[in-house]
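Chains B and L, in that order, give the protein sequences.
Taking this note's numbering, the leading residue of the first sequence gets 1, the next gets one more, and so forth.
Taking this note's numbering, the leading residue of the second sequence gets 1, the next gets one more, and so forth.
Backbone N, C-alpha and C define an ideal beta-carbon position, used for all residues, glycine too.
These figures come from a predicted structure and were not determined experimentally.
Only one structure is covered here, and it is reproduced in the block below.
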Amino acid sequence: DQQVKQNSPSLSVQEGRISILNCDYTNSMFDYFLWYKKYPAEGPTFLISISSIKDKNEDGRFTVFLNKSAKHLSLHIVPSQPGDSAVYFCAASAGSYGGSQGNLIFGKGTKLSVKP
Amino acid sequence: NAGVMQNPRHLVRRRGQEARLRCSPMKGHSHVYWYRQLPEEGLKFMVYLQKENIIDESGMPKERFSAEFPKEGPSILRIQQVVRGDSAAYFCASSPGNSPLHFGNGTRLTVT
């Protein structure tokens, strides 16, 4: 039973436009959400996170939105660049960053392709 | 500042052999995690360790798999009597505690 779902396996966007990656979760105990980016043959790299007490967190071109009532979060990348092409994983934790109070539950990922 | 180091990057084992995967956390990080990624899947938590202690092994198969993080040296994930279904990418991550996990580049295990 998937607790974190990324329903779009892939997304293609033109350079300079907005990329929107979506993630749904089922466990209401989750209180931290993270996005990781992964290139082929490399490990995931942390991008941005959000606590359940917030509904938005912004870091440069990356913004994460959280809708707790809908159990939905999204990652916006503006403007998209070809170097953003990678697999993006949504992850959730019941307690902190998956540290001493829990572990991270990952979605299956969305492959983003940004075309020049 | 070196990141999380995993070795080997690729490991090929025949069915029934043992696989040993090593992970050196980032300097100053005392929390180590192991995750497994099967093809077309997300990462699945296996085990969380601090120095000399297993904190959470709820994601680890009950048989054939073990993990340690000794006082000195890297963390080791050991898989005994490997089977084809163990073929996957195994990622180690570390953290200083209460902060996002930093992942290594993984060990790709192939069981023939």
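Which residues in chain L sit within 7 angstroms of B:E42, going by Cβ to Cβ distance?
-> Result: N105.
Residues bridged to L:V111 [DSSP beta-bridge criterion] = L:R13
Limits of the unbroken beta strand (DSSP E) element including L:E52 | Looking at the DSSP string, L:E52 is not in any beta strand (DSSP E), and its letter there is neither H nor E.
If we cut at 8 angstroms on Cβ distances, does B:G83 have a partner in chain L?
-> Not a single C-beta of chain L is nearer than 8 angstroms to the C-beta of B:G83.
Pair within 8 angstroms by beta-carbon distance, L:V82 and L:Q17 = Yes, these two residues count as a Cβ contact at 8 angstroms.
If we ignore side chains and look at the alpha-carbon of each, how far apart do L:N105 and B:A92 end up?
-> 21 angstroms
Under a CB-based cut-off of 8 angstroms, is B:K108 close to chain L?
-> yes
Determine which residues share a DSSP beta bridge with B:M29 and list them.
-> For B:M29, which the question treats as bridged, DSSP gives no partner whatsoever.
Endpoints, beta strand (DSSP E) assigned at B:I77 | 72-77
Could you please give me the residues that DSSP links to B:V87 through a beta bridge?
-> DSSP output for B:V87 lists B:K38, B:K111 as bridge partner(s).
With 8 angstroms set as the bound, which would you pick, yes or no: does the beta-carbon of L:Y90 sit closer than that to a beta-carbon of chain B?
-> Contacts with chain B at 8 angstroms (Cβ-Cβ) do not include L:Y90.
Where B:D59 sits in the DSSP three-state scheme = strand
Should B:M29 be labelled buried (16 or more other beta-carbon atoms within 10 Å of its own) or exposed?
-> exposed
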